[in-house]
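Here's the structure, in structure tokens; my notes come after.
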Ligand code: E4P
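Numbering (the numbering used here), first residue to last: 3 to 228.
Structure, rendered in structure tokens:
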């Protein structure tokens, strides 16, 4: 499973990229708003992220009609070769995804919650589909179970030939709130998990690692003083 970082924060991206384990970034309008983003600064901000990350960077469209999504998607795709255009899973989004894909633009279909949505996204040419775990949990449903169903269903079929460059479709586990979400997504064979920076840090940490390191360092002091 690959790790993407789910943020628009340049410092977080720089720091996580330096760890050497991040393969891409996903952003959305809320994440951009949280870093104090402005309308005029949006394209430059996405360009900065694309310079920091050696991998796909998802930038989201905000139009709700197909022509608008296609126009915004083309503008975003022109910013950098590693831009992936994020499009909501809805009728207008499907039509725009097919049009963008036919023009060679990679699409990440977002706000995906069900198996039929995921299959339609893949058939429309999405390079990535992003089922949301945490938001299902928020309404007392099992987000992990839904992601598992989507992985299993997509695995029944061959989607090469649908997306740009015949690359098929990859599932991005999104709306991740905990290291356990990451672990379960990996056990299900999810292609990618996009994680907020605080969750990524939690994925690295374990109390037994801390305790073990303390003991090794204490024993090394004894070796030095022997
Ligand atoms: C995915 O691409 C989304 O940006 C993100 O994972 C949404 O997460 P949230 O439900 O925590 O806002």
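Just so it is clear, CB atoms sit at the ideal spot from N, CA and C, and this is done for glycine as well.
Taking the DSSP output, what are the residues bridged to residue i?
i	result
residue 5	24 and 195
residue 110	88 and 130
residue 60	28 and 86
residue 176	134
Taking residue i and residue j to be in contact with their CB atoms under 8 Å, please state how far apart those CB atoms are, rounded to whole angstroms.
i	j	result
residue 173	residue 165	Not quite, the Cβ-Cβ distance comes to about 13 Å (not below 8 Å), so this is no contact.
residue 141	residue 85	About 31 Å separates the two Cβ atoms, so there is no contact after all.
residue 23	residue 6	That pair is no contact at about 11 Å.
residue 129	residue 108	4 Å
State yes or no: is the C-beta of residue i nearer than 7 Å to some heavy atom of the ligand E4P?
i	result
residue 137	yes
residue 126	no
residue 28	yes
residue 218	no
residue 177	yes
residue 91	no
residue 196	yes
residue 165	no
residue 180	no
residue 33	yes
Answer yes or no: do residue i and residue j have a C-beta to C-beta separation smaller than 8 Å?
i	j	result
residue 127	residue 98	no
residue 53	residue 71	no
residue 28	residue 176	yes
residue 131	residue 123	yes
residue 258	residue 65	Lying before the first or after the last residue shown, residue 258 is absent from the chain, which here runs from 3 to 228.
Between the alpha carbons of residue i and residue j, how many angstroms are there, rounded?
i	j	result
residue 87	residue 146	25 Å
residue 216	residue 222	10 Å
residue 50	residue 227	50 Å
residue 81	residue 100	20 Å
residue 1	residue 178	As shown, the chain starts at 3 and ends at 228. That puts residue 1 outside it, with no answer to give.
residue 60	residue 205	22 Å
residue 68	residue 78	15 Å
residue 137	residue 181	16 Å
residue 202	residue 106	32 Å
residue 210	residue 46	43 Å
residue 199	residue 37	13 Å
residue 186	residue 26	20 Å
residue 149	residue 196	13 Å
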